[in-house]
Amino acid sequence: MTHKPKFINLLTDFAFKRIFGNEEHKDLLIHFLNEVLQPEGKQIKDLQVKNNEQSIDNEEDKKVIFDFFCEDEAGDKFIVEIQRQKSNYFRERMLYYGSKVIADQGRKGPWDYHLSPVYVIGIMDFSYTKNNVIEYYSLTGKYSQQIHSGCLKLITIELSNFYKSESELETNMDKWLFMLKNLYKLEVIPQTLKEHIYMKILNLAEYAALTKPDQAAYDRRLKIMWDNHSAMEYQKDLGREEGREEAREKGREEGRIKGREEGLLEGKHKERLTTLKLLYQNGLSIEKIITFTGFSNEEITEALT
C-alpha cells in the first residue's frame with residue numbers, strides 16, 4: 139500500500155513557530171528570509187528568535203504579540219505575520235508592528251537616533267492587489283523616488299496571486315511559495331521539492347500533522363532506532379579501539395625490537411671506533427689501518443677528533 143503523506147498547513151502561526159522557531163531548524167528560516175530579501179540585497183548568516191510579546195503603553199492592552207519575531211547577527215529585526223482570512227487593516231497592522239519595534243530602539247539619555255532596520259513580512263492567503271505575488275514598500279520620496287530611510291521595510295506576500303503548478307517551479311522562491319500555498323493539499327511529493335532543504339521542511343510538516351498518540355509512537359520508534367544505532371556504533375568503536383590497541387602493542391613490540399637492533403648497531407659502531415683509536419695510538423698509520431681493517435676515512439676522522 140502506497141504511503142500518502144499528510145502535511146500540516148504552514149500558514150498557521152502554530153506551524154510556523156513549530157517548524158521555523160526551533161533552534162535546530164533555524165537554517166530553514168534563514169533560507170526563506172534570504173530568498174524573500176534577495177531583491178533588497180540583504181543576506182542573513184545567523185538568526186536569534188526573540189520574544190514575540192512586546193509591551194505597549196496602553197493600560198487596556200499591555201502586550202502586542204507577533205506571530206514570529208527574530209533578529210540577525212547585524213541587529214536587523216524581522217517580524218513575520220501570517221493572515222489567512224482577508225482583513226481590511228492587515229497592512230496597517232504591519233505598519234504598527236514595525237513602528238513599535240522601531241520605537242523600542244529609543245534610548246534614554248544621549249542618543250544619535252541610529253536605528254537598526256526592521257523588516258515586516260506579511261504572508262497573506264488572499265489578495266489585496268490582484269497583481270504581484272511579492273511587493274516591497276519603504277519610505278520613498280514622491281518626486282525624487284529616493285529612499286528617505288531604510289529603517290522600516292514592509293514586504294507583502296499575496297499567495298492568491300501565485301498560480302504556478304508543480305512542473306512550473308523554477309526558482310527557490312517559487313518552491314517556497316508553492317509549499318506555503320499548497321503543502322497541506324499534497325498527497326505526493328513533487329520531484330522539484332526533493333532537495334535537502336525542502337525535504338527537511340516536508341518531514342517536519344508531516345510529523346507536525348500527526349496526532350499526539352501517533353507522534354508518541356513515532357518518537358518511540360525513533361528512540362528504538364537511535365538506541366540500536368548507538369549500540370552498533372558502540373560495538374564498532376569497541377572493535378576499532380581493540381584494533382588500535384593491538385596495533386599499538388604491535389608497534390611497541392616492533393619498537394623494542396628496533397631499539398635492540400639499533401642498540402646493537404650503536405654498540406658495534408662504538409667498539410669499532412675504540413679499536414681504531416687503539417691501533418693508531420700503538421703506532422699503526424692511518425693508511426695501514428684502512429688497508430687491514432676496512433675502516434672508512436669518516437670513521438677514522440670521527441675516532442681521532
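Count the sequence shown with my numbering and you get residues 139 to 443, in order. Note that the Cβ used here is the ideal one computed from N, Cα and C, for glycine as well.
Would residue i be called buried (16 or more neighbouring beta carbons within 10 Å of its own) or exposed?
{"i": "residue 296", "result": "buried"}
{"i": "residue 158", "result": "buried"}
{"i": "residue 277", "result": "exposed"}
{"i": "residue 152", "result": "exposed"}
{"i": "residue 249", "result": "exposed"}
{"i": "residue 285", "result": "exposed"}
{"i": "residue 349", "result": "exposed"}
{"i": "residue 326", "result": "exposed"}
{"i": "residue 336", "result": "buried"}
{"i": "residue 319", "result": "buried"}
{"i": "residue 97", "result": "The displayed coordinates of the chain run from 139 to 443. Any statement about residue 97 would go beyond what the structure contains."}
{"i": "residue 343", "result": "buried"}
{"i": "residue 301", "result": "exposed"}
{"i": "residue 235", "result": "buried"}
{"i": "residue 367", "result": "For residue 367, the predicted structure reports a pLDDT of 48, less than 50, and the residue's modelled location is therefore unreliable. A value from the coordinates is still provided. Residue 367 comes out exposed."}
Looking at the secondary structure, which residues open and close the alpha helix (DSSP H) in which residue i lies?
{"i": "residue 345", "result": "334–346"}
{"i": "residue 274", "result": "Counting along the chain, residue 274 falls outside any alpha helix (DSSP H), though it belongs to the beta strand (DSSP E) covering 272–278."}
{"i": "residue 237", "result": "228–241"}
{"i": "residue 155", "result": "151–158"}
{"i": "residue 312", "result": "310–320"}
{"i": "residue 165", "result": "164–175"}
Per DSSP, which residues does residue i bridge with? Please list them.
{"i": "residue 208", "result": "187 and 216"}
{"i": "residue 451", "result": "The displayed coordinates of the chain run from 139 to 443. Any statement about residue 451 would go beyond what the structure contains."}
{"i": "residue 291", "result": "257 and 276"}
{"i": "residue 221", "result": "262"}
{"i": "residue 285", "result": "278"}
Could you give the residue range of the beta strand (DSSP E) that holds residue i?
{"i": "residue 202", "result": "201–203"}
Check each candidate in the options and name the one with the smallest Cα separation from residue i.
{"i": "residue 287", "options": "298, 275 and 294", "result": "275"}
{"i": "residue 228", "options": "321, 204 and 310", "result": "204"}
{"i": "residue 444", "options": "206, 156 and 290", "result": "The question about residue 444 has no answer, for the chain in this structure spans 139 to 443."}
{"i": "residue 207", "options": "214, 218 and 201", "result": "218"}
{"i": "residue 168", "options": "314, 319 and 343", "result": "314"}
{"i": "residue 145", "options": "163, 225, 160 and 346", "result": "346"}
{"i": "residue 172", "options": "293, 305, 298 and 232", "result": "293"}
{"i": "residue 269", "options": "253, 299 and 231", "result": "299"}
{"i": "residue 222", "options": "330, 176, 354 and 260", "result": "260"}
{"i": "residue 155", "options": "143, 187, 174 and 308", "result": "187"}
{"i": "residue 143", "options": "341, 232 and 437", "result": "341"}
{"i": "residue 177", "options": "273, 334 and 281", "result": "273"}
{"i": "residue 233", "options": "190, 225, 179 and 258", "result": "258"}
Which whole-angstrom value is the C-beta distance of residue i and residue j, which I expect to be below 8 angstroms?
{"i": "residue 444", "j": "residue 148", "result": "For residue 444 there is no data in the structure shown, the boundaries of the chain being 139 and 443."}
{"i": "residue 242", "j": "residue 210", "result": "In fact, because the Cβ distance is near 17 angstroms, the residues do not count as touching under 8 angstroms."}
{"i": "residue 339", "j": "residue 311", "result": "That pair is no contact at about 14 angstroms."}
{"i": "residue 213", "j": "residue 254", "result": "4 angstroms"}
{"i": "residue 240", "j": "residue 150", "result": "Rounded, the Cβ-Cβ distance is 27 angstroms, inconsistent with contact."}
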